[in-house]
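One structure below.
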Ligand SMILES: Nc1ncnc2c1ncn2[C@@H]1O[C@H](COP(=O)(O)OP(=O)(O)OP(=O)(O)O)[C@@H](O)[C@H]1O
Ligand SMILES: [Mg+2]
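Numbering (the numbering used here), first residue to last: 403 to 1327.
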């Protein structure tokens, strides 16, 4: 006769049992150690974690070759594309501006249009300009200016500006001079008083010292007026009717040119000019000089040969394209980070004790290496394709490097916006567009910097692409002048560099603040609950016990109502859960799908924040001491959280490293655990190439590495074949020597065999708790007596014998050669008498064999589930007639129920009080 559980005890010669003997490596677990000491012992130093995490980052980079290559090669693609645009005549980059020298009218005012983008004026251009100038003798003479009154600051500035203008007319190369450079200039004469200027003769009187223009300066109002000297003369001699519109036009033009030079603080901005080529020759009207001479001055472009120019708006396009050069260094890490979060790997690493600081630092370092390579490629390409020629390569490199890192950190920061990688990629693209808009906005605001607050511009500089775009814009604008850009040229340029560095610190600080903010915020807002002193004493009594009181967690879900409208609904996943698990025991949490088991596990690990209630695990509060708690936890989530690109062995090293093991210890532990779980043959295989069951075992191995004090396993054996399930059971039974284990399972067989105590959960609450035996006693149907009939079976006599020995027996089934009788609980002492009679009268009763079994855990589970379905109805009494079943009151925890207020394990579940046979059961018949 077989009595008790059908499950064989786990034998030592099962497959995989010949592996390395059990010898845990990890933190010391002396019962005297305080939780803090234990935590300190297991804590991997920041640098050790950095090392393991960096190894992981670089391995993933090496294995994601396509993505890494795309990040590095993106600059090549964009810069070549820009080169192609410039080479093709799609947009009028190439303009032929060679007005026929003969056709050019005399008395022209030459304006140099926007100069070359990359090309310097060629020798032929210079010659052409010289030739043109020589044809217009008049224009090549220095125009003579008079400025009055002399001595003031503005007067000297105006004189400087006039010199620059004059110099421009005489040179064929760019004027690089700034004020005070002592430009040789002989065209400006200073007068002490305005009247002297008016009295001086014009040059058309053929007097050598005659003037063309006079400038009357009003120092008090910071203002000046240009007067045409001939006009002054005419004014004096012939009256006002001589004044012409042309004269006014010309005066206005010159005035604005001088103003432009002065306001540009000495840079010869007149060279750039406001005119987009090809510029028409604009007649300025007719100018009457003296009594007879008529002149027609023209505003026209300075002639050059065929050349490449870039118009203003193209500078924006180029700057925007340069921002896009590093766009993959922004989107790539953001998406990969989101994937790590989406798969739950980041959470798993945090639960294994990973320091958030080490996490962020390793991401930053690993991404910086890719950015460094991308930057080298980008800058090399920029110079190779002659997009840049004059600016020192160091400034360009620094701008790209700082921007690359800042842009990537911006990606890290944005990764908080969504948990799903695909949602985030949409955010990333949208944000990229917005940054470009911000950049263009800032550039437009800067056209007239006086009208916009400096604070507003600097505020927008906190968006990394804005300062970088500005640097690029300035560099392009300088390059088109055939000059090299230096930070000394512009205040905003210098600020932009500074802000790129500030942005890096700003984004990273925000990441770390946000990482911790939610917890701090929740901690602050959560209402303080009263904690029972006895419970607290129990929770802090040392060891790895778990005490949970009044834990609640709800989720808000959206679902369609009867009209097809989306409606919010609250799901109370955990609803006032009380639980006590003794140190170094296995507690099994059973429950139907959606009962709240996984949510409970997440609350206990600190992965989810409870709405109400509290939990202490191994002496640590799961909310307030989350970081210490995580250093002593091993967690195997319901769904595998593995890096598909890392091998078995690499996973063990990574997670071992988070628990503070050295590489040697990781090797040793990996050998032991993979051996025990029959995974050694797969140790070099990538997780993506492993079967579901193999991945499950790897997840389990990962949760056990480092010998954590408390282990939480959510359905660890789902999907495993029977042999591997047994391996896992064996490992868990060994692990129980040093750790407290809570596991969920849908396998009653597993719970029956492994659990020291079992909790049956439903609707977010524990409905019943106790050892297997206790649960069977309370909620089981009693015992089942199976009888195998022979041909001469005497049914009536057998039933009489049974009824006379035991009362309340019912026939469960009676088909062909078998009969099953239900025997109630509480009359176990009468069983031996009955079995003695069966043995003695075997032939007379016509019995072949008989066996006795207790009701299964599955029956218990189903009975509890049935009760849940008929909510409010009492669970039918177990067939004892003496002890009515008691559901666990929520205020009572397992420990109390097991009549203990201390964390002591409950009784094992395999003893059956029949025939003196004990736990192994007795054979009969
Ligand atoms: N992130 C979430 N958002 C919304 N609802 C959730 C979330 N997680 C769980 N729930 C809800 O909470 C309830 C409990 O879920 P939980 O995953 O804890 O159940 P479970 O007992 O682990 O089930 P199973 O045996 O199927 O794993 C379910 O009704 C589920 O729909
Ligand atoms: Mg679950």
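Ideal Cβ placement from N, Cα and C applies to all residues, glycine included.
Would you call residue 836 buried or exposed, if buried means 16 or more other Cβ atoms sit within 10 Å of its Cβ?
-> Within the chain shown, numbered from 1, the residue matching residue 836 stands at position 434. With fewer than 16 other Cβ atoms within 10 Å, it is exposed.
Assuming residue 805 contacts residue 819 under a Cβ cut-off of 8 Å, what Cβ separation, rounded to an integer in Å, is found between them?
-> In the chain shown, the residue the question calls residue 805 occupies position 403. In the chain shown, the residue the question calls residue 819 occupies position 417. Not a contact, Cβ separation roughly 21 Å.
Segment contact, 8 Å Cβ cut-off, at least three pairs: the segment 951-961 with the segment 1104-1120 = no
Would the C-beta of residue 1000 count as close to ligand 2, meaning under 8 Å from any of its heavy atoms?
-> Position 598 of the chain shown, counting from 1, holds the residue named residue 1000. Yes, the Cβ of residue 1000 comes within 8 Å of a heavy atom of ligand 2.
Going by the CB atoms, is the gap between residue 915 and residue 871 shorter than 9 Å?
-> Position 469 of the chain shown, counted from the first residue, corresponds to residue 871. Position 513 of the chain shown, counted from the first residue, corresponds to residue 915. No.
Report yes if the C-beta distance between residue 995 and residue 1165 is below 9 Å; otherwise report no.
-> In the chain shown, counting from the first residue as 1, residue 995 sits at position 593. In the chain shown, counting from the first residue as 1, residue 1165 sits at position 763. Not closer than 9 Å, so no.
Helix or strand or just coil, what does DSSP make of residue 980?
-> Stepping through the chain shown from its first residue, residue 980 is reached at position 578. If DSSP states are grouped into helix, strand and coil, residue 980 belongs with the strands.
Go through its chain and collect everything with a Cβ distance to residue 800's Cβ below 8 Å, but skip five positions before and after it.
-> For this step, residue 800 is matched to residue 398 along the chain shown. Within the same chain, residue 800 has close Cβ partners 899.
Check whether residue 821 and residue 863 have beta carbons under 9 Å apart = Position 419 of the chain shown holds residue 821. Position 461 of the chain shown holds residue 863. Not a contact, by the Cβ cut-off of 9 Å.
Curious, which full-length alpha helix (DSSP H) runs of at least 4 residues does the segment 1210-1251 contain?
-> 1233-1242 and 1244-1247
What first and last residue would you give for the beta strand (DSSP E) that runs through residue 1016?
-> Position 614 of the chain shown, counted from the start, is the residue given in the question as residue 1016. Counting along the chain, the beta strand (DSSP E) containing residue 1016 begins and ends at 1014-1019.
What are the complete alpha helix (DSSP H) segments, minimum 4 residues, inside the segment 1074-1118?
-> 1094-1106
Got a sec: does ligand 1 put a non-hydrogen atom nearer than 8 Å to the Cβ of residue 973?
-> Here residue 973 refers to the residue found at position 571 of the chain shown. It does: the Cβ of residue 973 is within 8 Å (strictly closer) of some heavy atom of ligand 1.
Taking C-beta to C-beta, are residue 881 and residue 789 nearer than 9 Å?
-> Here the question's residue 881 lines up with position 479 in the chain shown. Here the question's residue 789 lines up with position 387 in the chain shown. Their beta carbons are under 9 Å apart, which means residue 881 touches residue 789 by this criterion.
May I ask which residues mark the beginning and end of the beta strand (DSSP E) holding residue 873?
-> Stepping through the chain shown from its first residue, residue 873 is reached at position 471. Here residue 873 belongs to no beta strand (DSSP E); instead the alpha helix (DSSP H) covers 867-881.
Alpha helix (DSSP H) segment containing residue 1057, residue limits | Looking up residue 1057 in the chain shown gives position 655. That run of the alpha helix (DSSP H) goes 1050-1060.
Could you please give the first and the last residue of the uninterrupted alpha helix (DSSP H) stretch that includes residue 552?
-> Counted from its first residue, the chain shown places residue 552 at position 150. Residue 552 -> no alpha helix (DSSP H), and no H or E assigned at all.
Nearest-angstrom Cα distance between residue 400 and residue 460?
-> Within the shown structure, residues of the chain are numbered from 403 to 1327, placing residue 400 beyond reach of any answer.
Between the Cα of residue 478 and the Cα atoms of 727, 564, 448 and 559, which residue gives the shortest distance?
-> Sequence index remark: in the chain shown, residue 478 carries index 76 (1-based). Nearest of 727, 564, 448 and 559 to residue 478, Cα basis: 727.
Smallest Cα separation from residue 1239: which of 1215, 1256, 1202 and 1102?
-> Within the chain shown, the letter at position 837 stands for residue 1239. Of the listed residues, the one whose Cα sits closest to residue 1239 is 1202.
Could you tell me the distance, in whole angstroms, from the CA atom of residue 832 to the CA atom of residue 891?
-> The sequence position of residue 832 within the chain shown is 430, counting from 1. The sequence position of residue 891 within the chain shown is 489, counting from 1. Those two C-alpha atoms are separated by around 34 Å.
When the distance is taken between beta carbons, is residue 1107 closer than 9 Å to residue 1050?
-> What you label residue 1050 is simply residue 648 of the chain shown in a count that begins at 1. What you label residue 1107 is simply residue 705 of the chain shown in a count that begins at 1. Result no, Cβ atoms of residue 1050 and residue 1107 do not sit closer than 9 Å.
Beta carbon of residue 1142 nearer than 9 Å to that of residue 986 = Your numbering for residue 1142 matches position 740 in the chain shown. Your numbering for residue 986 matches position 584 in the chain shown. Yes, the Cβ-Cβ distance between residue 1142 and residue 986 is below 9 Å.
Counting pairs of beta carbons, one from the segment 736-748 and one from the segment 772-788, are three or more of them closer than 8 Å?
-> no
Cα-Cα, which of 1180, 1058, 738 and 764 is closest to residue 755?
-> In the chain shown, residue 755 corresponds to position 353, counting from 1. Closest option to residue 755, Cα to Cα, is 1058.
Please name the residue in 487, 474 and 1217 whose C-alpha comes closest to that of residue 1197.
-> By one-based count along the chain shown, residue 1197 stands at place 795. Of the candidates 487, 474 and 1217, the one whose C-alpha sits nearest the C-alpha of residue 1197 is 1217.
C-beta contact flag for residue 1257 and residue 1183 at 9 Å | If you number the chain shown from 1, residue 1257 lands on position 855. If you number the chain shown from 1, residue 1183 lands on position 781. Against a cut-off of 9 Å, the Cβ pair of residue 1183 and residue 1257 comes out as a contact.
Can you give the Cα-Cα distance for residue 972 and residue 955, rounded to whole angstroms?
-> If you number the chain shown from 1, residue 972 lands on position 570. If you number the chain shown from 1, residue 955 lands on position 553. Whole-angstrom Cα-Cα distance: 10 Å.
Is the distance from the Cβ of residue 355 to the Cβ of residue 875 below 9 Å?
-> Outside the displayed span of the chain (403 to 1327) sits residue 355, for which this structure offers no information.
DSSP on residue 483, reduced to helix/strand/coil?
-> For the purposes of this step, residue 483 is taken as the residue at position 81 of the chain shown. In the structure shown, residue 483 sits in a helix (DSSP, three-state: H, G or I).
What first and last residue would you give for the beta strand (DSSP E) that runs through residue 1169?
-> Position 767 of the chain shown, counted from the first residue, corresponds to residue 1169. Residues 1167-1172.
Over what stretch of residues does the alpha helix (DSSP H) that includes residue 1200 continue unbroken?
-> Here residue 1200 is taken as the residue at index 798 of the chain shown, counted from 1. Counting along the chain, the alpha helix (DSSP H) containing residue 1200 begins and ends at 1197-1207.
From which residue to which residue does the alpha helix (DSSP H) around residue 824 run?
-> What you label residue 824 is simply residue 422 of the chain shown in a count that begins at 1. Note, residue 824: alpha helix (DSSP H), 823-849.
Meets three-Cβ-pair contact criterion under 8 Å: the segment 1066-1084 and the segment 1012-1025 | no
Just to check, is the beta-carbon of residue 1147 closer than 8 Å to a non-hydrogen atom of ligand 2?
-> Looking up residue 1147 in the chain shown gives position 745. No, since every heavy atom of ligand 2 falls outside the 8 Å radius drawn around the Cβ of residue 1147.
Can you round the beta-carbon distance between residue 753 and residue 1035 to whole angstroms, since I take them to be within the 8 Å contact cut?
-> Taking the first residue of the chain shown as position 1, residue 753 is located at position 351. Taking the first residue of the chain shown as position 1, residue 1035 is located at position 633. Right, their Cβ atoms sit about 6 Å apart.
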